[in-house]
Structures are given as structure tokens and as C-alpha cells.
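To start, the structure under review is shown below, and the notes come after it.
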Amino acid sequence: MDFKRFKKSFKDAYRGIVFVYKNEQNFRLQIFFSILVFIAMSLLGLTKGEKIVVSMLILLVLILEILNSVIEKFLDIIKPRMQIQVGIVKNIMAAMVLLASLSAVLIGLVIFTPYILAKF
1 MDFKRFKKSF KDAYRGIVFV YKNEQNFRLQ IFFSILVFIA MSLLGLTKGE
51 KIVVSMLILL VLILEILNSV IEKFLDIIKP RMQIQVGIVK NIMAAMVLLA
101 SLSAVLIGLV IFTPYILAKF
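Mapping the sequence shown onto the numbering used here, position 29 (from 1) lands on 29, and the numbers just tick up by one.
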């Protein structure tokens, strides 16, 4: 295993995350809400299994947002030649992230609601 190459791959990944954070408003919003959810998980005392499920949902949404950003950047390169098809693909990618986000919210409500109700 080449340690220098391994270290470079982490630096590249970090730069990628920073790029997405700086350039994609939705990613920043998702990070913000993720932090709020992690705080709520700590305060409400979710079970280990519930914390794992919520964490995996958060990661799923963030990973899909990054994938969406990657494909959008690539499609912007070929957009002039295939404008209609590019628009369709971008809409489908946005739908993918939206569906994952809405699913995460619904599952989060199922998990968090009993804890919130118990506090009141």
C-alpha cells in the first residue's frame, strides 16, 4: 500500500466535499439540518439502532446530493448539444434527492415523534 497515494486520495476527497459545500446551496442546507438532527438525537436519547438508521439516512441524502452535483457538472459540459435531454436528466436527479430527503423526513418523524411527545 502506497501511503502517499492513500493520503492524496483523502486530500482529493476533502477538496471535493469543500467544493460541493461552497457551491451547492442544497448541500449546505442538508448539512445544517443534519447537525440539528444529530443534536436532537443526543438530547432525546434515541436507541443505538435508531441512531444508526437516522445516521444512514442522513448519509444517504448527502451522498445522493453529491452524486447529483457531479452529474449536473458533467451535464453542463454537454448541455449545448443535448439541451432537452440534459434538462430531463437533471430533473430526474433532483427528483432522486427529493425522494430520499422526503423519505428521510418521514422516517425521522416516525422515530423522533414518540421521544418528542414524551418530553411534553
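We put the beta carbon where it would ideally sit given N, CA and C, even for glycine.
Can you tell me the Cα-Cα spacing of residue i and residue j, whole angstroms?
| i | j | result |
| --- | --- | --- |
| Ser42 | Phe112 | 12 Å |
| Lys11 | Val18 | 10 Å |
| Lys128 | Met96 | Residue 128 lies beyond the residue range present for the chain, which begins at 1 and ends at 120; the question has no answer from this structure. |
| Lys119 | Ala100 | 28 Å |
| Lys7 | Val20 | 20 Å |
| Ile39 | Ser55 | 12 Å |
| Ile92 | Pro80 | 19 Å |
| Leu98 | Tyr14 | 25 Å |
| Phe32 | Leu62 | 11 Å |
| Ala94 | Asp76 | 15 Å |
Let me confirm a value: residue i is counted as buried when at least 16 other C-beta atoms fall within 10 Å, else exposed. Which label applies?
| i | result |
| --- | --- |
| Gln83 | exposed |
| Ser69 | buried |
| Gln30 | buried |
| Phe74 | exposed |
| Phe27 | buried |
| Met1 | exposed |
| Val110 | exposed |
In this structure, how does DSSP classify residue i when only helix, strand and coil are distinguished?
| i | result |
| --- | --- |
| Leu59 | helix |
| Gly45 | coil |
| Phe10 | helix |
| Lys51 | helix |
| Phe120 | coil |
Measure the Cβ-Cβ separation of residue i and residue j and say whether it is below 8 Å.
| i | j | result |
| --- | --- | --- |
| Leu57 | Gly16 | no |
| Val89 | Ile78 | no |
| Tyr115 | Leu46 | yes |
| Glu50 | Glu24 | no |
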